[in-house]
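The structure under discussion appears below in the form of structure tokens.
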Amino acid sequence: MKAIILAAGRGSRMQGMTDDKPKCLTSLAGKTLLDWQLSTLNAMGIDHIAVVRGYLAEHLQSKRFLPLDNPRWHETNMVVTLTCASSWLQNDTCIVSYADIVYHAAHIKKLIQATGDIVLTYDRLWA
């Protein structure tokens with residue numbers, strides 16, 4: 595199993611916090627949002643991870659993931675960003691995640707255990 599993290603957008607609603615870094619590099623409880631995701635995915639045995647970059651792409655470099663790019667990030671949406679990783683979507687089960695969320699390993703476990711062709715997890719208590 596592998597994962598794609600969609601991290602191309604600027605995060606304009608977080609203006610001020612994202613002027614000099616991608617939204618996923620915002621800190622939460624001492625770690626970046628991206629680090630939280632990578633750690634959770636790794637804890638569930640997922641270490642083949644791609645991050646689709648766009649805004650300030652040069653800030654997203656790591657041996658923990660394969661960097662892919664959406665060169666048109668400023669004029670496209672998440673669907674186009676996902677297509678930039680189309681080669682990763684083939685031939686293996688893949689988890690797709692937005693880069694600006696944090697989730698527990700239990701959510702990944704539920705995705706791994708699910709049997710459908712396309713499955714998703716969500717938090718019923720989120721408001």
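Each residue of the sequence shown is one higher than the last, beginning at 595 in my numbering.
Cβ atoms here follow ideal geometry from the backbone N, Cα and C, with glycine treated the same way.
Straight across, the Cα-Cα distance linking N636 with I643 is about 9 angstroms. As the crow flies, the alpha-carbon of L628 is around 23 angstroms from that of L719. DSSP places V673 within a helical segment (H, G or I) once states are collapsed to three. Put simply, the region 613-627 touches the region 686-698. At least three CB pairs are less than 8 angstroms apart. In the three-state reduction of the DSSP assignment, A637 falls in the helix class. If you draw a straight line from the Cα of W682 to the Cα of C688, it comes to about 8 angstroms. The three-state reading of DSSP puts I706 in helix, counting H, G and I together. For D663, the enclosing beta strand (DSSP E) stretches over residues L660 to D663.
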